[in-house]
Amino acid sequence: MHTLNLGILAHVDAGKTSLTERLLLAAGVIDELGSVDDGSTQTDTLDLERRRGITIRSAVVSFAVGDTTVNLIDTPGRPDFIAEVERVLNVLDGAVLVVSAVEGVQAQTRVLMRTLRRLGIPALVFVNKIDRRGARPRAVLEELASRLALPVAAMGEVAGAGTPEAAFVPYGGAELLDVVTLHDDALLAAYVRGGAVPPVRLRAALAAQTRAGLVHPVFFGSAITGAGVDDLVAGVRELLPAAGGDPGGPVSGAVFKVERGPAGEKLAYARLFSGTLRVRDRLRLPGGGEARVTGVDVLSIPASRGSVAAGQIARLRGLDAVRVGDPLGEPPPRAGEGHFAPPTLETVVRPARPADRGALLLALTRLAEQDPLIGLRQDDARGEVSLTLYGEVQKEVIQATLLEEDGLEVSFRKSTTICVERPVGSGAAVELIAVDPNPFLATVGLRVEPGPPGGGVAFRLEVELGSLPYAFMRTIEETVHETLRQGLRGWQVIDCVVTLTHSGYWARQSHSGGVFDKSMSSTAGDFRALTPLVVMEALRRAGTVVCEPVHRFTLELPADTTGEVLPVLARLGAVPRAQGPGLIEGEIPAARVHELGQRLPGLTRGEGVLDSAFERYRPVGGPAPVRPRLGHDPLDRKEYLLRVRRRV
1 MHTLNLGILA HVDAGKTSLT ERLLLAAGVI DELGSVDDGS TQTDTLDLER RRGITIRSAV
61 VSFAVGDTTV NLIDTPGRPD FIAEVERVLN VLDGAVLVVS AVEGVQAQTR VLMRTLRRLG
121 IPALVFVNKI DRRGARPRAV LEELASRLAL PVAAMGEVAG AGTPEAAFVP YGGAELLDVV
181 TLHDDALLAA YVRGGAVPPV RLRAALAAQT RAGLVHPVFF GSAITGAGVD DLVAGVRELL
241 PAAGGDPGGP VSGAVFKVER GPAGEKLAYA RLFSGTLRVR DRLRLPGGGE ARVTGVDVLS
301 IPASRGSVAA GQIARLRGLD AVRVGDPLGE PPPRAGEGHF APPTLETVVR PARPADRGAL
361 LLALTRLAEQ DPLIGLRQDD ARGEVSLTLY GEVQKEVIQA TLLEEDGLEV SFRKSTTICV
421 ERPVGSGAAV ELIAVDPNPF LATVGLRVEP GPPGGGVAFR LEVELGSLPY AFMRTIEETV
481 HETLRQGLRG WQVIDCVVTL THSGYWARQS HSGGVFDKSM SSTAGDFRAL TPLVVMEALR
541 RAGTVVCEPV HRFTLELPAD TTGEVLPVLA RLGAVPRAQG PGLIEGEIPA ARVHELGQRL
601 PGLTRGEGVL DSAFERYRPV GGPAPVRPRL GHDPLDRKEY LLRVRRRV
C-alpha cells in the first residue's frame, strides 16, 4: 500500500473545503455530502469554523484510492491563517490548487503557487465552480499561464459552462502532445519519426514531468455537482508521487499540528520522512531534550497503532514539550524554512476580569504552542500581554477560542503595525575584562553592520574558534539574537551581521581546598549579562532606521469608479504601480489595508475586490514610532547594572 500526503490549497472561497467533502464522499469515507453553509463539513471541526463557514485549522482525513492511501490535508484559505498553510507545506508530497472558474487567479492563488514551485512540490490545478453563472474556464486557463507564468496542461474541456449541467470532457491524449514534447526530446523525435505516440507512453511522460514540476495538469469541475471530481481523483493517483523514505533509516520527521485531547493531553501530528517510530521509543527534540513516545495512531486505511514508518502521518502522544514546526530526530527536508511573511499587526489582549490575568497568559501560551507565528510579549510593568496577528479575523477566532475552551472573556485594543529596525551603518563596541567600567569577568567585542535584505541576523566570528570555551561562545550568540529583538526604538532588528571581534575570560579558579571561587572565574552568566550592553552600544554607533511593512495590492473595480478611488489611495499612502481598465496594482502601508477594505464598498458600489499580501519593509516617513521596551534596558546602563548585578 502506497501513501500520498496531499494538500488542498486555495484562495478563500474558491471551494476548497467543498472539494474535500466531495473527495471523501467519492472515496466512501462519508455517506452524505457536508455543507460549508450548514456547518456540517467533515474537516471543519471547530465550532467557530462551522458558524463562520471558514477553515481556521488544518485537518487530516485519510481515504484509499486503489492501492494508495491518501492523507488529505485541508488548509485555510484566508491570509489571516497563513501560518496553518506554512506548516503543512513541509509535509506534502503533492498538492491540488483550487481556483474558482468565476473569480479566476487571485492574490492568495499567486502566493501559494509561487511557494509550491519554489519548494518543488508537484501540483495539480482544479478549476472549480464550472456550474456557476459567470464561469469562464478557458479564460481562467489563460490566466494560469499568463498571470502565474505556469506551464499548464489542460486535461480536458468544459461543456455547458455556467449551467447546472456543466460537465468535464477529458481529452483522449493526443491533445497533450504539444505540452509534453516541450520537455521530452525523445518523445518529440518518436512523434516526428512515426507520427503517433502510444497513449500509455504519453501519460507516463506527463506523470514524470508533473512529478518533476515541469508541467501542472489542469482539471475542471464542480465540487457541488461532482463534475470532474472522479477525473481529478484518477489524476491524483496517476500523476502525483507517492511518499518515499527508508523505513530502516534514522528517524526523521516534522510536527505540523498540535492539539489537546479530551483529557488535556498534547497530541502532535507528525510526518515521518525516514525511519520507523514505535511506542516507547525516545526522540531527540530541539534544544537537546528527549521525550518518550507513549502512543502512536497512524492515519491510514485501515488505521493502525503502535508504529509509524517513513512516508506516513501519525498522531503522537507523550511529546509534552514539542511545538508546531519542531523536527523529530534528524532534521527533515525543508526543516526550518519560512515560506510566508511574518505577522504585521499587534494587539493587546485584556481579560474582562483582572483576576484572570494569570489564566489568560497560560491560555495564550497554549495557543502560541499550537501556532508558532503567534508571538507573545508580556509587559510586567503594565500588566499587559501583546500578541501578533495576520488580520482582524484572528481576533474573533482567539476571542471565541478563549471563551469556549478556557471560559475567559477578553477584549482587544486597536491593532497596531509591527515595524522593524535595520542598521544604517557599521558600529563596534568592546568591553574588556577587569577594565572599568566593565563589572563582569568577560571580554566581549562586537561589530554590527547592515546585512542583505531578508537575511535576518547573521552571527560571525573574527576571533579564533578555540579562544573561548564553546559554552561561552554559544551564550554570546544566543544573547545577541535575544537582545536584537528590541532595537534602539524597541522594534526587532533584522537584516544585520553581528561579528564577534574580541573575547576573553578568566579560567576556573579554586582555593587550596578545591572550592570554586566565583569572584575569580568567568561564568556563562558574565557573558549573558555583558553582551546586551555591547550589542546596544555597537547598534547605537551604527544607527538604525525604523521600517514599516508594505503590502502589494490588486484592486479590481468598475472602470468608472477609478477616478474616485485614486485620491483615496493617495491619502492612504498607497502608490499605484500599474493601472488598466478596472484594475489597479501597487503598494500600500500595511497599517492602511484594513481602512481601504472598509472604504472600498462605498467607493465602488459594492463591486470592488481587494487582494493584498506582504511585500517588503520600507523606512517610515516622518518621526519614527517607538515601541515600549520589556525587561531590563541595556540602553540605560546604570539602571541595567543595578538590576542585572543584583540578579547575578
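Numbering of the sequence shown is given in UniProt numbering, commencing with residue 1 and proceeding in unit increments. Glycine is no exception: its CB is placed at the ideal position from the N, C-alpha and C atoms. The structure presented is a predicted model; accordingly, all values stated were derived computationally and were not measured.
Per-residue burial, residue i [other beta carbons within 10 Å of its own, 16 or more giving buried]
i    : result
E421 : buried
A10  : buried
E537 : buried
R114 : exposed
P262 : exposed
P619 : exposed
E404 : exposed
K129 : buried
G228 : buried
S411 : exposed
G77  : Caution applies to G77, whose pLDDT of 45 falls short of 50 and renders its modelled position unreliable; the value that the coordinates give is listed next. Per the 10 Å Cβ criterion, buried.
V609 : exposed
A166 : buried
R315 : buried
V169 : exposed
A355 : exposed
M520 : exposed
L642 : exposed
L432 : exposed
T475 : buried
A186 : exposed
A352 : exposed
C-beta contact flag for residue i and residue j at 8 Å
i           : j    : result
A190        : V197 : yes
F126        : L19  : yes
G456        : P332 : no
T501        : V463 : yes
residue 657 : L72  : Residue 657 is absent from the structure shown; the chain starts at 1 and stops at 648.
S426        : E392 : no
V99         : V158 : no
L272        : V324 : no
residue 649 : A153 : Summary: the structure shown does not reach residue 649, with the chain confined to residues 1 through 648, and so no result is reported for it.
V91         : F256 : yes
L283        : G329 : yes
G162        : R132 : yes
Beta-carbon contacts of residue i that lie in its chain and below 8 Å, excluding the five residues immediately before and after
i    : result
G28  : F63
L240 : L4, L6, D93, G94, P122, L124, T210 and R211
D47  : Residue placement at D47 is poorly supported in this model, since its pLDDT is 49, which falls under 50; the coordinates still yield a value, given next. Closer than 8 Å at Cβ, skipping near neighbours: A400 and E404.
Residues near residue i in its chain [Cβ-Cβ closer than 7 Å; skip 5 each side]
i    : result
R645 : P439
L285 : A291, A321, V322 and D326
A471 : A524
E607 : L557 and P558
Residue i, enclosing alpha helix (DSSP H) - first and last residue
i           : result
residue 670 : Within the shown structure, residues of the chain are numbered from 1 to 648, placing residue 670 beyond reach of any answer.
H481        : Y470 to T483
L566        : T562 to R571
E595        : A590 to L603
K16         : K16 to A27
A529        : A524 to A542
I398        : V393 to D406
E330        : That residue, E330, is in no alpha helix (DSSP H); it is neither H nor E in DSSP.
V192        : D185 to G194
V140        : P137 to R147
T181        : L177 to T181
Contacting residues, own chain, Cβ-Cβ under 6 Å from residue i (five flanking each side not counted)
i    : result
T45  : Note on T45: pLDDT 45, under 50, position unreliable in the model; the coordinate value appears next. Hits under 6 Å: none found.
Q209 : H183 and V215
R201 : none
T68  : H2, L4 and R237
G543 : V424 and G425
R577 : E585 and G586
A223 : G15, S18, L19, R22 and N128
R629 : Q486 and G490
N- and C-terminal bounds of the beta strand (DSSP E) containing residue i
i           : result
V258        : S252 to R260
D230        : Note, D230: premise wrong, no beta strand (DSSP E); alpha helix (DSSP H) at V229 to L239.
R577        : V575 to G580
residue 651 : There is simply no residue 651 to check, as the chain begins at 1 and stops at 648 in what is shown.
A613        : V609 to P619
V424        : Per DSSP, V424 belongs to no beta strand (DSSP E) and is neither H nor E.
Proximity test, residue i beta-carbon vs the ligand SAH heavy atom, cut-off 7 Å
i   : result
L89 : This structure lacks the ligand SAH, and indeed carries no ligand of any kind.
Can we say the stretch 538 to 557 touches the stretch 574 to 589, given the rule of at least three CB pairs closer than 8 Å? yes
Any contact of the stretch 419 to 439 with the stretch 476 to 496, i.e. 3+ C-beta pairs under 8 Å? yes
How about the stretch 567 to 575 and the stretch 595 to 613: do they share at least three Cβ pairs that are nearer than 8 Å? yes
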